[in-house]
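Engineer: To convert, note that position 3 of the sequence shown is 79 in our numbering; the numbers rise steadily by one, no gaps.
Glycine included, C-beta positions come from ideal geometry on N, C-alpha and C.
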Amino acid sequence: MVRFSEATVAQVFRVNLDNAIAALCTLPFADGMPPTCQGLSGWVFEATIRACLAEELAGVVEDFPLHVRPQVTLKGRAKADLVVGRTVIELKAGGLFGPPNKYLEYVEYARKIPKSG
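1. What is the DSSP secondary structure of Val88, reduced to helix, strand or coil?
2. What would DSSP say about Phe140, mapped onto helix, strand or coil?
3. Closest to Pro111 by CA distance: which of Cys101, Gly152, Thr163 is it?
4. Give the range of the alpha helix (DSSP H) segment to which Val120 is assigned.
5. DSSP has Arg145 in a bridge; who is on the other side?
6. Between which two residues does the alpha helix (DSSP H) holding Glu184 run?
7. By how many angstroms is the C-alpha of Val164 removed from the C-alpha of Lys155?
8. How many Å lie between Arg187 and Leu150 at the Cα?
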């Protein structure tokens with residue numbers, strides 16, 4: 077049975093983002109001011125997708141070792157947002173997407189990612 081739909085993931089993301097912002101506001105130096113840093117929503121989105129995917133796939137096949145790894149280095153500074161087994165996933169919470177060929181040069185690097193054990 078599928079637990080997470082597009083709508084439920086979006087709802088979980090909004091709750092997680094609100095919680096992250098609230099938690100950051102409680103830091104002593106923040107003085108209750110919400111963060112304005114770029115990248116927070118992307119980080120929360122990636123973490124939310126990773127957590128939902130891990131929960132969704134847990135126990136699907138009893139002996140299937142679930143490996144969901146975030147921010148896997150492909151080459152240099154290039155990183156895959158998420159690797160599930162040997163599947164490389166690039167995630168976007170919003171904003172502009174690069175040109176379609178932006179990631180083509182990384183395909184060979186992604187194919188060389190070692191299987192996690």
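Structural biologist: A quick look at the data gives this:
1. Looking up residue 88 in the sequence shown gives position 12. DSSP places Val88 in helix when its eight states are reduced to three.
2. Residue 140 sits at position 64 when you count from the first residue of the sequence shown. With a pLDDT of only 47 at Phe140, under 50, the local geometry of the prediction cannot be trusted, and no value is derived from it.
3. Translated into positions along the sequence shown, residue 111 becomes position 35. The candidate whose alpha carbon is nearest that of Pro111 is Cys101.
4. Here residue 120 corresponds to residue number 44 of the sequence shown, with the count starting at 1. Looking at the DSSP string, the run of the alpha helix (DSSP H) that includes Val120 is 116 to 133.
5. Numbered from its first residue, the sequence shown carries residue 145 at position 69. DSSP output for Arg145 lists Val159 as bridge partner(s).
6. On the sequence shown, residue 184 is found 108 positions in, with the first residue counted as 1. Residues 183 to 187.
7. As a working mapping, residue 155 is identified with position 79 in the sequence shown. As a working mapping, residue 164 is identified with position 88 in the sequence shown. In a straight line, the C-alpha of Lys155 is about 10 Å away from that of Val164.
8. For the purposes of this step, residue 187 is taken as the residue at position 111 of the sequence shown. For the purposes of this step, residue 150 is taken as the residue at position 74 of the sequence shown. Those two C-alpha atoms are separated by around 9 Å.
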